[in-house]
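Mapped onto the working numbering, the consecutive letters of the sequence shown carry residue numbers 7 to 107. Down below is the structure, laid out as structure tokens.
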Amino acid sequence: MAFEASLQELNSRQAKALKMGGEKKLAERRAQGVLNARERIDYLLDSGSFFESGLLATSYRTEARDKSPADAKVTGFGTIHGRPVAVVSNDFTVLGASSSV
Numbered sequence: 007m008a009f010e011a012s013l014q015e016l017n018s019r020q021a022k023a024l025k026m027g028g029e030k031k032l033a034e035r036r037a038q039g040v041l042n043a044r045e046r047i048d049y050l051l052d053s054g055s056f057f058e059s060g061l062l063a064t065s066y067r068t069e070a071r072d073k074s075p076a077d078a079k080v081t082g083f084g085t086i087h088g089r090p091v092a093v094v095s096n097d098f099t100v101l102g103a104s105s106s107v
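Following this line, the structure appears as structure tokens:
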């Protein structure tokens, strides 16, 4: 039972992080013609090469952890024209891309 509870918590945290700052904020960015953090990475990197790390990061401040999915960053590794790179994209839908606030 403990394993299932842990797995459920992991899945819940991943889903929350993938929603970024929420559908309302993502829609506002789309309406402005601005790519969100994940879209910018997809645009930059070779197709299918992105490996995300840091998805479960949060603010180091306990009171801000529930409001800071991925600590307002999308980070990971991929390739550009076949060359390996590390990338960070600020997520402006989460606390204006503020980290650890």
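C-beta atoms are modelled at their ideal positions from N, C-alpha and C, and glycine is treated no differently. On a predicted model such as this, the values are computed, not experimentally measured, just so you know.
Of the residues F56, G60, A37 and I86, the one placed nearest Q20, counting alpha carbons only: G60
Coil, strand or helix - K25 by DSSP: Three-state DSSP puts K25 in coil, outside helix and strand.
E58, enclosing beta strand (DSSP E) - first and last residue: F57 to S59
Given A23 as reference, the closest of L41, D77 and E34 once Cα atoms are compared: D77
Three-state class that DSSP yields for F83 in the structure shown: strand
Short Cβ contact (8 Å threshold) for M26 with A37: no
Cβ pair L50, V93 closer than 8 Å: Against a cut-off of 8 Å, the Cβ pair of V93 and L50 comes out as a contact.
Run of the alpha helix (DSSP H) containing R67, from where it starts to where it stops: Element bounds for R67: n/a, residue is neither H nor E.
Boundaries (first-last residue) of the beta strand (DSSP E) holding A92: R89 to N96
Environment of V80 [buried if 16+ CB atoms lie within 10 Å]: Classification of V80: buried, given that the 10 Å Cβ count is 16 or more.
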